[in-house]
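*Asks:* Structure provided below as structure tokens; questions to follow.
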Amino acid sequence: MSYIIRLIKKAQKGNEKAFLKLFQMYEADIYRMAFVYLKNEEEALDIVQETAYKAFDKIEGLKEPAYIKTWLIKITISSSLNRLKKLEKIVPMQNEYIDNIQFEQGDHTVKVLLQQILEELTSDEKGIVLLKYYEGYTFQEIADTLQIPLGTVKSILYRALKKLRVQVEEADFYG
Amino acid sequence: MDKLKESVKSIPLPQDLHKRAKMGVSQVKKKRKKPWLIPSVATVFLASSITVAAAMNDDVKNLLWHISPEIAALLEPIESTVEYGGIKMEIVSAMQDEDMAVVYVTMQDIEGNRIDETLDIYDYSMSKGRSFTVERIGFDPTTKTAFVRFTSFNGSSTDKFKLKIRSFLSDKSVLEDVTFPLDLQDVEKQQTEILPDDTIRGSGGKSPEGDAYVLPAGILNIQTQLYDRMRITNIGLHNDKLYVQTEWSANNAIEHGEFYLVNPAGQKILPTVSYSYGRDEQGIPIYAYNYEENVFNVKDINLAEYELKAKIYTAGQYVEGDWEASFKLEEMRGQSVPFAMDFGDWVAKELKISPLGLTIIGEGNATETEELTATIVKKDGSHKELTSLVSFTDENQVKLKLLSEDPLKPEQIKSIIINGFKINF
């Protein structure tokens, strides 16, 4: 972490290279989260670019370097939601994205589950599923990140998992 | 739940992922590089028909059409072109009335990219006039041609006019909120030395001691990532003052910085005094521009709470040359009407109208900031406001001119309303 903090300090002084090294550690996660919301490679790349722009522009104001990842994720989610709103006003979202994705592995269940996440979940549900199972956040951390009540986090996640028809261990859900 | 994670992780990453992150960062850099001046395309004013000459070259014509089709249709150019160092200056048109002369010029780089939308004519002269202005009013990136307007005020009417450009700047930008990798709480006390008067090229602010004190030549090399032509060479405290010594590689005072201290609450401390001076290779003060010393009063200030920042003005290109042209000025004769109006401290006696604007002549004590507006009422019923005021007032003789952005045609004017007072024309 001290290496990351050093990079953040340098980035806060305008060091572009330090910022890019830092950003590179998280850009895959940022892209995939954006993709889940926007279901389109080019749109997700736009969000990566926008997140890098906003983060480098505002990193001077980041008070807690330990929360860099959470901060970047928050920027990613809010940028994705804003973009989604704009796109929905212009054209209906495309549905052919999934067939165009070249999966690295031919795991059918993985592909089907991804399709469900992309297609069947609402934006609220996507955010909570991503933070819980992709980023490994606790319920409290999700509530803090998205600034919604803890109970709401749990009920939205429960609804999302029901849609995905994923079996939930009680310990996993209420832990 | 590993399946969920696995499914999201199965989204393949595009090849240009990191490139897009870099693009985001470069957007911030561009934003921080704000241009010095925004081209003002809308402020063109011209006469209705201008000097005679051969056909306008296509580049100039296209540029003028781009800037203002109305003006382009009216213009007839002077074929006066001079080329120096691969840069062409062309006198497009020139005109004068009894108060002022206006010259339209294009500058085109036929060999490189030294002319751009930030072009700033730095050193120039005109053969007639008491005061001058120059402004860039358009730029065509395709032909790399800038369109510039020179104005000369209060020169005597003349047939022959000479314009000379000796240098210009381009690729200009302003870097905002530039930070430096240094901690002000680590700055130590140092002795200062007197800067000989004959080494100071410029200074700002007031030194309480009278003499100019600076730090001895330093060997620090503190640089910002955003700009590599300047470095902090020394920084120290003396008598409750913080001295910041910077070295500039350009050595021409064109690129410069405004330094300040700022705390997290946004409170700024500006230098009480700053000196632009020079040093030779041994660090001995000389008459040059390559050093700048900023002195801040930091009495009762906790430096640990402050950060040194700067706003840096850069010019990527400083081009010297010799572009000189002589040409004829077409006289635009004004039409005079009787006019009497009491403005309090002065009395108006005469009103003149020329294609360049409206001139009010009188006697008394008028100021340059006189509140004066005029509305031109045309015969077709349309109205036109003139608000841009130039004063040629000399002792008790008042002469105020309201400039027109586009040509005024006396034959089309029905009446003029000045500060609510109507004059039939």
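Order-wise, the sequence lines are chains D and Y.
The opening position of the first sequence corresponds to residue 1 in the numbering used here, with each subsequent residue numbered one higher.
The opening position of the second sequence corresponds to residue 1001 in the numbering used here, with each subsequent residue numbered one higher.
Idealized CB from N, CA, C, for every residue including glycine.
Looking only at its chain, what residues have a beta carbon closer than 6 Å to the beta carbon of Lys1162(Y), apart from the 5 residues adjacent to it on each side?
*Replies:* Same-chain partners within the cutoff: Ser1127 and Ser1326.
*Asks:* Consult DSSP for Ala1288(Y) and reduce its assignment to one of helix, strand or coil.
*Replies:* Strand, per DSSP.
*Asks:* Whole angstroms are fine: how far does the CA of Ser1276(Y) sit from the CA of Tyr1318(Y)?
*Replies:* If I take the Cα positions, the gap works out to 19 Å.
*Asks:* Between which residues of its own chain and Lys1299(Y) is the CB-CB distance below 6 Å, once the five residues before and five after are set aside?
*Replies:* Closer than 6 Å at the Cβ level, and outside the excluded window around Lys1299(Y), lie Asp1240.
*Asks:* Quick one: any contact between the stretch 1130-1144 of chain Y and the stretch 1173-1181 of chain Y, if contact means 3 or more CB pairs under 8 Å?
*Replies:* The stretch 1130-1144 of chain Y is not in contact with the stretch 1173-1181 of chain Y.
*Asks:* Tell me the rounded alpha-carbon separation between Leu157(D) and Leu1184(Y).
*Replies:* Whole-angstrom Cα-Cα distance: 49 Å.
*Asks:* Once you ignore the five residues that flank Thr76(D) on each side, which residues in its own chain have a CB closer than 7 Å to its CB?
*Replies:* Once the five neighbours on either side are set aside, the close Cβ partners of Thr76(D) are Ile30, Met33, Ala34, Ile47 and Thr51.
*Asks:* For Thr1081(Y), name the three-state secondary structure that DSSP assigns.
*Replies:* Of the three classes helix, strand and coil, the one that applies to Thr1081(Y) here is strand, per DSSP.
*Asks:* For Tyr1122(Y) and Pro1012(Y), what's the separation of their Cα atoms in angstroms?
*Replies:* So the two alpha carbons sit approximately 54 Å from each other.
*Asks:* Roughly how many whole angstroms lie between the Cα atoms of Ile148(D) and Glu1371(Y)?
*Replies:* Cα-Cα distance, rounded: 57 Å.
*Asks:* Exposed or buried, Ala1265(Y), counting other C-beta atoms within 10 Å across all chains shown (16 or more means buried)?
*Replies:* With fewer than 16 other Cβ atoms within 10 Å, it is exposed.
*Asks:* Is Arg1149(Y) helix, strand or coil by DSSP?
*Replies:* Here Arg1149(Y) sits in strand by DSSP.
*Asks:* Can you list, in chain order, the residues of the stretch 1004-1028 of chain Y whose Cβ is nearer than 8 Å to any Cβ on chain D?
*Replies:* Cβ contacts with chain D: Leu1004, Lys1005, Glu1006, Ser1007, Val1008, Lys1009, Ser1010, Ile1011, Pro1012, Leu1013, Pro1014, Asp1016, Leu1017, His1018, Arg1020, Ala1021, Lys1022, Met1023, Gly1024, Val1025, Gln1027 and Val1028.
*Asks:* By a C-beta neighbour count over all protein chains shown, 10 Å radius and 16 as the cutoff for buried, is Phe1150(Y) buried or exposed?
*Replies:* Under this definition Phe1150(Y) is a buried residue.
*Asks:* By how many angstroms is the C-alpha of Tyr3(D) removed from the C-alpha of Ala18(D)?
*Replies:* Distance between the alpha carbons of Ala18(D) and Tyr3(D) is about 10 Å.
*Asks:* Within 10 angstroms of its Cβ, does Val112(D) collect 16 or more other Cβ (buried), or is it exposed?
*Replies:* Flag for Val112(D) reads exposed.
*Asks:* Can you find the residues in the same chain that come closer than 6 Å, C-beta to C-beta, to Gln12(D), ignoring five residues on each side of it along the sequence?
*Replies:* Same-chain partners within the cutoff: Ile59 and Glu60.
*Asks:* In chain D, which residues lie with their C-beta within 7 Å of the C-beta of Phe1184(Y)?
*Replies:* For clarity, residue 1184(Y) is Leu in the given sequence; the question names Phe instead. Within 7 Å Cβ-Cβ: nothing; Leu1184(Y) doesn't reach chain D, min ~13 Å.
*Asks:* Determine, using beta carbons only, whether Arg1166(Y) and Asp1322(Y) come nearer to each other than 9 Å.
*Replies:* Result yes, Cβ atoms of Arg1166(Y) and Asp1322(Y) sit closer than 9 Å.
*Asks:* Name, going along the chain, the residues of the stretch 7-36 of chain D whose beta-carbon falls closer than 7 Å to a beta-carbon of chain Y.
*Replies:* So the close ones are Lys13, Gly14, Asn15, Glu16, Phe19, Leu20, Phe23, Gln24, Glu27, Ala28, Tyr31, Arg32, Phe35 and Val36.
*Asks:* Closer than 7 Å by beta-carbon distance: list the chain D residues that pair up with Gln1225(Y), in chain order.
*Replies:* Neighbours of Gln1225(Y) on chain D, chain order: Gly14, Asn15 and Glu16.
*Asks:* Using a threshold of 9 Å, state whether the C-beta atoms of Leu1351(Y) and Phe1339(Y) are closer than that.
*Replies:* Closer than 9 Å, so yes.
*Asks:* Report the residues of the stretch 55-73 of chain D with a CB closer than 7 Å to any CB of chain C, ordered along the chain.
*Replies:* Chain labels in this structure do not include chain C; the protein chains are D and Y.
*Asks:* Determine the contact status of Thr1199(Y) and Ala1288(Y), defining contact as a CB-CB distance below 9 Å.
*Replies:* Closer than 9 Å, so yes.
*Asks:* Closer than 9 Å, CB to CB, is Lys111(D) near chain Y or not?
*Replies:* So, interface residue.
*Asks:* Of the residues Ala1315(Y), Asn1294(Y) and Ile1417(Y), which one's Cα is nearest the Cα of Ile1353(Y)?
*Replies:* Of the candidates Ala1315(Y), Asn1294(Y) and Ile1417(Y), the one whose C-alpha sits nearest the C-alpha of Ile1353(Y) is Ile1417(Y).
*Asks:* For Gly1236(Y), collect the residues of the same chain with a Cβ closer than 7 Å to its Cβ; drop the 5 residues on either side in sequence, then sort them by chain order.
*Replies:* Result list for Gly1236(Y): Val1187, Glu1188, Lys1189, Gln1190, Leu1215 and Tyr1243, in chain order.
*Asks:* So, using beta-carbon positions, are Gly1334(Y) and Asp1116(Y) closer together than 9 Å?
*Replies:* No.
*Asks:* Spatial neighbours of Leu1356(Y) within its chain, please: CB distance less than 6 Å, with the 5 preceding and 5 following residues excluded, ordered by chain position.
*Replies:* If we look at Leu1356(Y) and ignore the five residues flanking it on each side, its Cβ neighbours are Asp1097.
*Asks:* Expressed to the nearest angstrom, what Euclidean distance is found between the alpha-carbon atoms of Gly1420(Y) and Leu1358(Y)?
*Replies:* Gly1420(Y) and Leu1358(Y): Cα-Cα distance of roughly 15 Å.
*Asks:* Taking only three categories from DSSP, how would you classify Gln1223(Y)?
*Replies:* Strand.
*Asks:* In three-state DSSP terms, what is Ala1315(Y)?
*Replies:* Of the three classes helix, strand and coil, the one that applies to Ala1315(Y) here is strand, per DSSP.
*Asks:* So, is the C-beta of Phe1259(Y) closer than 9 Å to a C-beta in chain D?
*Replies:* Closer than 9 Å: no.
*Asks:* Chain D beta carbons: is any one of them nearer than 9 Å to that of Pro1181(Y)?
*Replies:* Closer than 9 Å to some Cβ of chain D, the Cβ of Pro1181(Y) qualifies, so yes.
*Asks:* Closer than 7 Å by C-beta to Pro1271(Y): which residues in its own chain qualify, once you throw out the five before and the five after it? Chain order, please.
*Replies:* If we look at Pro1271(Y) and ignore the five residues flanking it on each side, its Cβ neighbours are Gly1205, Phe1259, Asn1294, Val1295 and Phe1296.
*Asks:* Report the rounded CA-to-CA distance for Met1332(Y) versus Gly1316(Y), giving the unit in angstroms.
*Replies:* Their backbone Cα atoms lie some 40 Å apart in a straight line.
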